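Report on one structure; see the data block that follows.
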Amino acid sequence: MAKNSIDAYGASGKTNLLFFDPDKLVLVTDTASPLYDPRVDLPVNADLARNIDFQGVLQPISVMKNTETGETEVAVGRQRVKAARLANEWRRARGEPLLQVPGQVHRGERRTALTAII
């Protein structure tokens, strides 16, 4: 019997997964920023929000720390964050526990962060 998840699943390693309050994550809207993606302006997908309300955010987002502001910015996963915010509005209204968004820290340069989604 495997003693840890690496052995149990035959993985070659593991990483830390962090959890974030979606309301505290920054969605970059500054078109001059290397993290800007025009899809940030898309409306929230209500179907995605309902799915997240039901089962949470299943796929981790990618975040980077803005060294100038100290804020945590979303590099990949803007729509999941927006949908999680909407799901949390519904949960707050129903008096249910709020959802957290799983995320991994992008350790590359800001100017190349969006290449992860291509």
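Here the sequence shown is numbered in this note's numbering, starting from 10 and rising by one per residue. We treat Cβ as the ideally placed atom computed from N, Cα and C, and that holds for glycine. In this text, all values refer to a predicted model and were calculated from it rather than measured experimentally.
Beta-carbon proximity check, residue i vs residue j, cutoff 8 Å
i, j, result
"I61", "G86", "no"
"A93", "V72", "no"
"A58", "L107", "no"
"L44", "A84", "yes"
"Q109", "D30", "yes"
"L26", "Q113", "yes"
Where residue i falls: helix, strand or coil (DSSP)
i, result
"P31", "helix"
"V49", "helix"
"D16", "helix"
"V114", "strand"
Residue i: first and last residue of the uninterrupted alpha helix (DSSP H) it sits in
i, result
"S21", "That residue, S21, is in no alpha helix (DSSP H); it is neither H nor E in DSSP."
Original post:
In the region 53-111, which residue ranges form an unbroken beta strand (DSSP E) of at least 3 residues, counting only runs that do not cross its ends?
Top reply: For the beta strand (DSSP E) assignment, the uninterrupted runs of no fewer than 3 residues enclosed by the region 53-111 are, from N- to C-terminal side, 70-74 and 81-85.
Original post:
Does the region 28-36 come close enough to the region 87-107 to have 3 or more Cβ pairs within less than 8 Å?
Top reply: With the rule of 3 Cβ pairs closer than 8 Å, the region 28-36 counts as touching the region 87-107.
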